[in-house]
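> The sequence shown runs 1 to 513 under the UniProt record's numbering. Glycine included, every Cβ here is placed at the ideal spot set by N, Cα and C. Computed from a prediction, not measured in an experiment: that's the story for all the values here. Below is the structure I would like to discuss, written out as structure tokens.
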Amino acid sequence: MGSVSQAYLESEPVKGARSLISELCRQFYSLGWVSGTGGSITMKVHDSSIPKPQQLILMSPSGVQKERMEPEDMYVLSGDGAIISSPSPKPYPHKPPKCSDCAPLFMKAYHMRDAGAVIHSHGMESCLATMINPHLKEFRITHMEMIKGIQGHGYYDELVIPIIENTAYENELTDSLAKAIEAYPKITAVLVRNHGIYVWGDSWISAKTQSECYHYLFDAAIKLHQLGLDWSTPDHGPIQVVKGVPSVDCRMNMSKKARIADSNCNGKPFPRCIVLDIEGTTTPISFVTDILFPYAQNNVGRHLSATYASAETQDDIKLLRSQVEDDLKQGVIGAVPIPSEDAEKEEVIAALVANVEAMIKADRKITALKQLQGHIWRTGFENNELKGIVFDDVPEALEKWHASGVKVYIYSSGSRLAQRLLFGNTKFGDLRKYLSGYFDTAVGNKREKRSYVEITDTLGVDKPSEILFLTDIYQEAIAAKAAGMEAIISVRPGNSPLPDNHGFKTINSFLEV
1 MGSVSQAYLE
11 SEPVKGARSL
21 ISELCRQFYS
31 LGWVSGTGGS
41 ITMKVHDSSI
51 PKPQQLILMS
61 PSGVQKERME
71 PEDMYVLSGD
81 GAIISSPSPK
91 PYPHKPPKCS
101 DCAPLFMKAY
111 HMRDAGAVIH
121 SHGMESCLAT
131 MINPHLKEFR
141 ITHMEMIKGI
151 QGHGYYDELV
161 IPIIENTAYE
171 NELTDSLAKA
181 IEAYPKITAV
191 LVRNHGIYVW
201 GDSWISAKTQ
211 SECYHYLFDA
221 AIKLHQLGLD
231 WSTPDHGPIQ
241 VVKGVPSVDC
251 RMNMSKKARI
261 ADSNCNGKPF
271 PRCIVLDIEG
281 TTTPISFVTD
291 ILFPYAQNNV
301 GRHLSATYAS
311 AETQDDIKLL
321 RSQVEDDLKQ
331 GVIGAVPIPS
341 EDAEKEEVIA
351 ALVANVEAMI
361 KADRKITALK
371 QLQGHIWRTG
381 FENNELKGIV
391 FDDVPEALEK
401 WHASGVKVYI
411 YSSGSRLAQR
421 LLFGNTKFGD
431 LRKYLSGYFD
441 TAVGNKREKR
451 SYVEITDTLG
461 VDKPSEILFL
471 TDIYQEAIAA
481 KAAGMEAIIS
491 VRPGNSPLPD
501 NHGFKTINSF
511 LEV
């Protein structure tokens, strides 16, 4: 901003932000987040005429009764963290004003995440969540409704929050917080053991909403733990011990290198996470090629006609239009123009059907096709016209891994919806309780290294080698290996032959893992 005029410091945007911080601190005090002068909040002064990195920053002072703060008590900082305006001293027993000790940490969130607001809470839930097991470097939870309130997460996703160790002085946390932000690109929070949590968002509303959701999830985890239940697994069931497999408690108490069984854990080394392909790995290829694909192809016209006006189908059509436009430019065989939105419904559907049939025939792994197929298959599963098929060893292996504390994910070219439908409707029952999350082509092509790097970043493991990827496709194994993952090739009936001297371990059953 160059220089900041006194008139701007007294403008409505700045005054409004000052008042909002004092109001929020009173609310946070009532929640126990900023009691005893602890905790803090900061936000940028939203002004659309100023680029976000250059917007002024307001910050609450340190060592004051947060519930008694007034708008004029706030510090004003420039976008690079220099103090522009300080509050006036107050008479005894008030201490001389001091900018928040959290300031260096707040600035990391502003600069590394382009945050619009940051909240530092000393809420008891955030403190206890880090103390349940002092060896854990992450807090993990899944299958809880409030996860949907965390940016970039859904109900079926696993939420991972790094835990950094506390220090005697707040500003000494700066480097470890920055390292956590860098190591976990998608996080919006960092826990500090025996201390609290830092939460950021692109606005004060986002930061506040997520803070409330985080504290709810920590409280749920604590209460589940008191009941002897495991909050980090999809079904939140009791911690179980399977013969020959380390228990969850045992594995949680291993060192960071661990996953190598010790004398007290009586088991073989296990990966921290397992990512499974579907076609040719968990499920016969014939189920996909002979049942799912024909069902989608035979019902695409009926589905589009019946649901044409729905927002979901209109979104599917929008994706298909975009894909077909690219296909036509590139001369893809089978691509035909789709009439404009003003055209008759029947004309549009006929063109869509022609394109979808060509895409299915070419077995294209593209999001536009997979999303529509998932919606068509959903109808089939709901009408009991389809039933998910998995190999007989899959349920037993999933249960074994789940009981051992290993998190299992799916990565398939089929949409996440299609994945959940398949595993939720098998002759063995609903297997989704053993799965912690789903990935599809939205993270990238399955034969590209960057897709597996993206998955690694999402799962938040210390090392990619803590993830085991199981697939039937040699090129996918190569890509996963290039990203640092461990990879094993699944050899199942009907799978394509592997090249000679491929160099990967192979298995015929998941029970061999």
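1. Please report how far the alpha carbon of N253 lies from the alpha carbon of K361, in whole angstroms.
2. Express the C-alpha separation of A17 and V45 in angstroms, rounding to a whole number.
3. Starting from the Cα of K427, find the closest Cα among E448, N384, I119 and Y198 and give me that residue.
4. Ordered along the chain, which non-local residues of its own chain (more than five positions away) have a Cβ less than 7 Å from that of A221?
5. What's the C-alpha gap between T283 and I317?
6. Apart from the five residues on each side of it in sequence, which residues of its chain come closer than 7 Å, Cβ to Cβ, to M144?
7. Reducing DSSP to helix, strand and coil, say where A351 ends up.
8. Excluding the 5 residues flanking E71 on each side, which residues of the same chain have their C-beta closer than 6 Å to its C-beta?
9. DSSP three-state call for R18: helix, strand or coil?
10. Thinking C-alpha only, which one of I285, M359, A309 and P294 is nearest L320?
11. Within its chain, find whatever has a CB closer than 6 Å to the CB of S40; leave out the 5 residues flanking it on each side and keep chain order.
12. Starting from K98 and walking both ways along the alpha helix (DSSP H), at which residues does that stretch end?
13. What does DSSP give as the partner residue(s) for G334 in the beta ladder?
14. Could you give the DSSP three-state label for A487: helix, strand or coil?
15. If I measure Cβ to Cβ from D80 and keep anything under 7 Å in the same chain, skipping five residues before and after, which residues do I get?
16. Secondary structure at D500, three-state DSSP: helix, strand or coil?
17. In whole angstroms, give me the CA-to-CA distance for K95 and A311.
18. Does the beta-carbon of T506 have 16 or more other beta-carbons within 10 angstroms, so that it is buried, or is it exposed?
19. Just confirm the distance between the C-beta atoms of G494 and I278, as a whole number of angstroms; I'd bet it's less than 8 Å.
20. Tell whether a beta-carbon distance below 8 Å holds between L177 and Y198.
21. In its own chain, which residues sit with a C-beta less than 6 Å from the C-beta of F287, not counting the 5 before and 5 after it?
22. Which residues mark the beginning and the end of the alpha helix (DSSP H) in which W377 is found?
23. I'd like to know if the stretch 182-189 and the stretch 429-442 are in contact, where contact means that at least 3 CB-CB pairs between them fall below 8 Å.
24. Please work out which residues of its chain come closer than 6 Å, Cβ to Cβ, to V4, disregarding the five sequence neighbours upstream and downstream, and give them in chain order.
25. Return the chain-ordered ranges of every beta strand (DSSP E) run that is complete within the stretch 278-341 and spans a minimum of 3 residues.
26. Pop quiz: T441 and K365 are said to be a contact at Cβ under 8 Å. What is the actual Cβ separation, rounded to whole angstroms?
27. Which same chain residues, not among the five before or five after V443, have their C-beta less than 7 Å away from its C-beta?
28. Within a Cβ cutoff of 6 Å, which residues of the same chain sit near Q373, ignoring the five residues on either side of it in sequence?
29. Taking the DSSP output, what are the residues bridged to V200?
30. Are V14 and L56 touching if we call contact CB-CB under 8 Å?
31. Compute the distance between the beta-carbons of L417 and F423, then report whether it is under 8 Å.
32. What did DSSP end up calling M59 once you bin it into helix, strand or coil?
33. Do Y184 and G484 have their beta-carbon atoms positioned less than 8 Å apart in this structure?
Taking the structure as given:
1. Locating residue 253 in the sequence shown gives position 253, counting from the first residue. Locating residue 361 in the sequence shown gives position 361, counting from the first residue. In this prediction, N253 has a pLDDT of 40, which is less than 50 and means its spatial position is unreliable; what the coordinates show is noted afterwards. Rounded to whole angstroms, N253 and K361 show a C-alpha spacing of 51 Å.
2. By one-based count along the sequence shown, residue 45 stands at place 45. By one-based count along the sequence shown, residue 17 stands at place 17. So the two alpha carbons sit approximately 6 Å from each other.
3. Within the sequence shown, the letter at position 427 stands for residue 427. When only C-alpha atoms are compared, the closest one is N384.
4. Mapped onto the sequence shown, residue 221 falls at position 221. Only A129, I141 and W231 meet the Cβ criterion.
5. Position 283 of the sequence shown, counted from the first residue, corresponds to residue 283. Position 317 of the sequence shown, counted from the first residue, corresponds to residue 317. Going from the Cα of T283 to the Cα of I317 covers about 29 Å.
6. On the sequence shown, position 144 is the one that residue 144 refers to. Excluding positions up to five away in sequence, the list reads L217 and A220.
7. As a working mapping, residue 351 is identified with position 351 in the sequence shown. In this structure, A351 counts as helix in the three-state DSSP scheme.
8. On the sequence shown, residue 71 is found 71 positions in, with the first residue counted as 1. For the record, residue 71 in the displayed sequence is Pro; it is not Glu. Closer than 6 Å at the Cβ level, and outside the excluded window around P71, lie R18, S19 and S22.
9. Your numbering for residue 18 matches position 18 in the sequence shown. Helix.
10. Numbered from its first residue, the sequence shown carries residue 320 at position 320. Answer by Cα proximity: M359.
11. Taking the sequence shown and counting its residues from 1, the one referred to as residue 40 is at position 40. Hits under 6 Å: S60, S100, C102 and H120.
12. Position 98 of the sequence shown, counting from 1, holds the residue named residue 98. Unbroken run through K98: none, as it is neither H nor E.
13. As a position in the sequence shown, residue 334 is number 334, starting the count at 1. For G334, no pairing in a beta bridge is given by DSSP.
14. The residue labelled residue 487 in the question sits at position 487 within the sequence shown. Reduced to three states, the DSSP call for A487 is strand.
15. Residue 80 sits at position 80 when you count from the first residue of the sequence shown. If we look at D80 and ignore the five residues flanking it on each side, it has no Cβ neighbours.
16. For this step, residue 500 is matched to residue 500 along the sequence shown. Three-state DSSP puts D500 in coil, outside helix and strand.
17. As a working note, residue 95 is residue 95 in the sequence shown. As a working note, residue 311 is residue 311 in the sequence shown. Going by the C-alpha atoms only, they are around 58 Å apart.
18. For the purposes of this step, residue 506 is taken as the residue at position 506 of the sequence shown. Looking at its Cβ environment, which holds fewer than 16 other Cβ atoms inside 10 Å, T506 is exposed.
19. Within the sequence shown, numbered from 1, the residue matching residue 494 stands at position 494. Within the sequence shown, numbered from 1, the residue matching residue 278 stands at position 278. Contact doesn't hold; Cβ gap of about 14 Å is too wide.
20. Position 177 of the sequence shown, counted from the first residue, corresponds to residue 177. Position 198 of the sequence shown, counted from the first residue, corresponds to residue 198. Cβ atoms of L177 and Y198: closer than 8 Å.
21. Position 287 of the sequence shown, counting from 1, holds the residue named residue 287. I389.
22. On the sequence shown, residue 377 is found 377 positions in, with the first residue counted as 1. DSSP places W377 in the uninterrupted alpha helix (DSSP H) bounded by T367 to E382.
23. no
24. As a first step, residue 4 must be located in the sequence shown, where it is residue number 4. Same-chain partners within the cutoff: I84.
25. none
26. Residue 441 sits at position 441 when you count from the first residue of the sequence shown. Residue 365 sits at position 365 when you count from the first residue of the sequence shown. T441 to K365, Cβ: 6 Å. Contact.
27. As a first step, residue 443 is located in the sequence shown; it is residue number 443 there, counting from the start. S451, E454 and I455.
28. For this step, residue 373 is matched to residue 373 along the sequence shown. Counting only Cβ-Cβ distances below 6 Å, and skipping sequence neighbours, we find A296.
29. Reading the sequence shown from its first residue, position 200 is the one you call residue 200. The residue you asked about is not Val; residue 200 is Trp in the sequence shown. The partner list for W200 (beta bridge, DSSP) reads V118.
30. Position 14 of the sequence shown, counted from the first residue, corresponds to residue 14. Position 56 of the sequence shown, counted from the first residue, corresponds to residue 56. Yes.
31. Mapped onto the sequence shown, residue 417 falls at position 417. Mapped onto the sequence shown, residue 423 falls at position 423. Against a cut-off of 8 Å, the Cβ pair of F423 and L417 comes out as no contact.
32. Taking the sequence shown and counting its residues from 1, the one referred to as residue 59 is at position 59. Looking at M59 - three-state DSSP - the assignment turns out to be strand.
33. On the sequence shown, residue 484 is found 484 positions in, with the first residue counted as 1. On the sequence shown, residue 184 is found 184 positions in, with the first residue counted as 1. Not in contact: G484 and Y184 (Cβ atoms no closer than 8 Å).
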